[in-house]
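Here the structure comes first, spelled out in structure tokens, and everything after it is commentary.
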Amino acid sequence: MVDPIQTDQFNLLNRFNDYFVTHEESAKYKSLLDEMSEPVIIEDKNFDIIYANPGFTKLVCSKPAECIGRSVFDFFNESNKKHYIKEVEKGLRGDTPERPIEVNSKSGNMVPVLIGATKVFNDCRMITMTDISKIGSLHKKYKEESEKYFSLLQDSYRETGTVKRKLDYLNDLINFMAVDMPDDDLNTLIANSVSAFMKADACVIRLYDTDRNKFFVKYTMGAGPEWNNKKPLAYKGSLVEKAIKEGGILIVEDIQKENIYSSPDLARKNGFVSVVIVPLGVKGHLAGYVSSYFKDKSKLKNLDTEFLLMYLKQAAIALQ
Numbered sequence: 009m010v011d012p013i014q015t016d017q018f019n020l021l022n023r024f025n026d027y028f029v030t031h032e033e034s035a036k037y038k039s040l041l042d043e044m045s046e047p048v049i050i051e052d053k054n055f056d057i058i059y060a061n062p063g064f065t066k067l068v069c070s071k072p073a074e075c076i077g078r079s080v081f082d083f084f085n086e087s088n089k090k091h092y093i094k095e096v097e098k099g100l101r102g103d104t105p106e107r108p109i110e111v112n113s114k115s116g117n118m119v120p121v122l123i124g125a126t127k128v129f130n131d132c133r134m135i136t137m138t139d140i141s142k143i144g145s146l147h148k149k150y151k152e153e154s155e156k157y158f159s160l161l162q163d164s165y166r167e168t169g170t171v172k173r174k175l176d177y178l179n180d181l182i183n184f185m186a187v188d189m190p191d192d193d194l195n196t197l198i199a200n201s202v203s204a205f206m207k208a209d210a211c212v213i214r215l216y217d218t219d220r221n222k223f224f225v226k227y228t229m230g231a232g233p234e235w236n237n238k239k240p241l242a243y244k245g246s247l248v249e250k251a252i253k254e255g256g257i258l259i260v261e262d263i264q265k266e267n268i269y270s271s272p273d274l275a276r277k278n279g280f281v282s283v284v285i286v287p288l289g290v291k292g293h294l295a296g297y298v299s300s301y302f303k304d305k306s307k308l309k310n311l312d313t314e315f316l317l318m319y320l321k322q323a324a325i326a327l328q
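Residue numbering for the sequence shown follows the numbering used here, beginning at 9 and increasing consecutively.
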């Protein structure tokens, strides 16, 4: 006789595979969640777990296989069930959590967490949990260390919001790929998205002409009109060649000190101090590159280069 629990787990694992394995674009989402420092799960509308990141498995002292397919309520006391549902509903509305929920770890410890929730896919939710156990008693949390408590709360919402925005950037790009959109619209989307999540002052997209072995400007955003008239660039001795040799990304803090930069005077005229260059490659073939320009080099300190590479890898496929 087939065990109904094992059957349910099998079905959930199939859904997990459908979300994160079968569709290449969804696999990009998984890597974002895997890297989050806080515990994260994705649950379906029935509160069954279809994904648990390393942070969550560490919190509950369980292996991933021991979490997938189980009800999230298996990790809470019965008395916390209604409070958890309420906190999830508040999170989905964008409201501030009202109270912490205690998670049962396999070691027997009760860990108080703040719940953040955001909708992903059609009928699933991403749940982020912020461990507030280090704050101490609830009395200290609300009275003596309220500032630290709300700082943790803000960090939780900031991280949840950041990941949600990244999902949105990728989702917009994937939606564009699904329909026959004009190249100009696609270039606009990519340049706007890159500039937004990198907080760049300008973005230039160049595509590689294999017949002439040169890069041609296809789209500019935030740069002067003279940028569109720049001469085609050869690959040999270019910054994109240097970027490839350095692992797929090149960060130039001071353009004026970079000897092989082709147009230092034009960069100075536009007020650009720094540039980040990422080659666009599809299946080992160079398709072009994206340059992001900055007027303040201090912005380079907080660049999410991992997501930039992930996004532009998908963008290269779209441009092809």
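No residue lacks a Cβ here, since even glycine has one placed at the ideal position from N, Cα and C.
Judged by DSSP in its simplified three-state form, T218 adopts coil rather than helix or strand.
Here A323 is buried, its C-beta having at least 16 other C-beta atoms within 10 Å.
For D56, the secondary structure class from DSSP, reduced to helix, strand or coil, is strand. Here DSSP, grouped into helix, strand and coil, assigns N179 to helix. Taking the Cα of D217 as reference, the smallest distance to any Cα among P190, A242, S79 is reached at A242. Taking each of G296, S141, N310, A326 in turn and checking the Cα distance to F224, the smallest one comes out for G296. Its Cα nearest to that of G245, the residue N267 stands out among N267, G232, N54, V260. For M137, no alpha helix (DSSP H) encloses it; the enclosing beta strand (DSSP E) starts and ends at 132-139.
Looking at the DSSP output, G124 sits in a beta bridge with T136. The segment 219-234 makes no contact with the segment 308-324; the number of CB pairs closer than 8 Å stays below 3. Sequence-distant partners of D42 (beyond 5 residues in either direction) whose C-beta falls short of 6 Å from its own C-beta, in its chain, are N61. Following the DSSP letters along the chain, one finds N200 inside the alpha helix (DSSP H) bounded by residues 191-206. In this structure, V281 sits away from D312, with a CB-CB distance that is not shorter than 8 Å. Shown here, A231 sits in coil according to DSSP, grouped into three states, outside any helix or strand. Under the three-state reduction of DSSP output, E314 falls in the helix class. With 16 or more neighbouring CB atoms inside 10 Å of its own CB, R133 falls in the buried class.
In the structure shown, P62 falls within a helical segment according to DSSP collapsed to helix, strand and coil. The beta-bridge partner set that DSSP reports for S282 consists of F302. Counting every other CB atom within 10 Å of its CB across the protein chains shown gives G63 a total of 16 or more, marking it as buried.
Two segments are said to touch when three or more pairs of C-beta atoms, one from each, lie closer than 8 Å; by this definition the segment 111-118 touches the segment 63-82. Non-local beta-carbon contacts of F315 in its own chain, meaning distances under 6 Å to residues more than five positions away in sequence, involve K174 in chain order.
Across the set E110, V96, D103, the C-alpha of V96 shows the shortest separation from the C-alpha of A125.
Restricting attention to Y301, G279, E106, G99, the CA atom closest to the CA of I259 is found in Y301. Within a 10 Å sphere around the beta-carbon of S299 sit 16 or more other beta-carbons, which makes this residue buried. Our two residues, A210 and I57, have alpha carbons roughly 41 Å apart in a direct line. Residue state for S79 is assigned as strand, using DSSP reduced to three classes.
Ranked by Cα distance from P120, the options Q328, K253, G292, S141 are led by S141. Here the alpha carbons of S87 and L294 stand approximately 57 Å from one another.
In the DSSP assignment, V68 falls outside any alpha helix (DSSP H) and carries neither an H nor an E. The Cβ atoms of D131 and K53 sit closer than 8 Å to each other.
Under the DSSP definition of a beta bridge, I257 lacks any partner.
Judged by DSSP in its simplified three-state form, Y297 adopts strand.
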